[in-house]
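Here the sequence shown is numbered in this note's numbering, starting from 1265 and rising by one per residue.
Everything below concerns the one structure shown next.
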Amino acid sequence: MGMEYFGEKLKAVRKSKGLTQLELAKRLNASKGAISAYEQGITYPSVDVLIKICDILNTSSDYLLGISDEVTIKMSGLSEKQMESFLEFVAIVEQANNIVEDKKS
C-alpha cells in the first residue's frame, strides 16, 4: 500500500474527525479544491502541508502515506476511565480482525 491510497485515507480520517473539505481547507489556509484534489489522488500536498494535515487530523504521516497501516491516535485529554474503555474497544477490534484473518487462511 502506498501513495495511491493517500486520498482515500485522508478522506476517511477527515470524515472521522467530523470535518468537511471546506473546514479542513480553512484550517490549512488552502482551497476546498486543493483538498478535493488530494482526496481524488490528482495531486499530493507538499511536505509542509502534509505536516499541517497530520497535526490538524491528529494522525501520522506514515499512516496517510501508506508506510504504516496503524492509525495513530493521541489520547491526551481522556480520563482514565475513557482511556480504559477505548483500549478495551481496541482489543475487541484486534480480536475480531484476528478471527477474520484466521478464516481467510
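Glycine included, each C-beta is placed from N, C-alpha and C at the ideal position.
Residue i: first and last residue of the uninterrupted alpha helix (DSSP H) it sits in
| i | result |
| --- | --- |
| residue 1271 | 1270-1280 |
| residue 1319 | 1311-1321 |
Burial state of residue i (16 or more Cβ within 10 Å)
| i | result |
| --- | --- |
| residue 1321 | buried |
Given residue i as reference, the closest of the options once Cα atoms are compared
| i | options | result |
| --- | --- | --- |
| residue 1292 | 1316, 1272 and 1274 | 1316 |
| residue 1296 | 1363, 1275 and 1323 | 1275 |
C-alpha gap between residue i and residue j, whole angstroms
| i | j | result |
| --- | --- | --- |
| residue 1332 | residue 1270 | 12 Å |
| residue 1361 | residue 1273 | 19 Å |
| residue 1265 | residue 1278 | Confidence at residue 1265 is low in this model, with a pLDDT of 45, below 50, so its placement is unreliable and no value can be given for it. |
| residue 1326 | residue 1356 | 24 Å |
Report yes or no: do the region 1270-1290 and the region 1301-1313 share at least 3 C-beta pairs separated by less than 8 Å? yes
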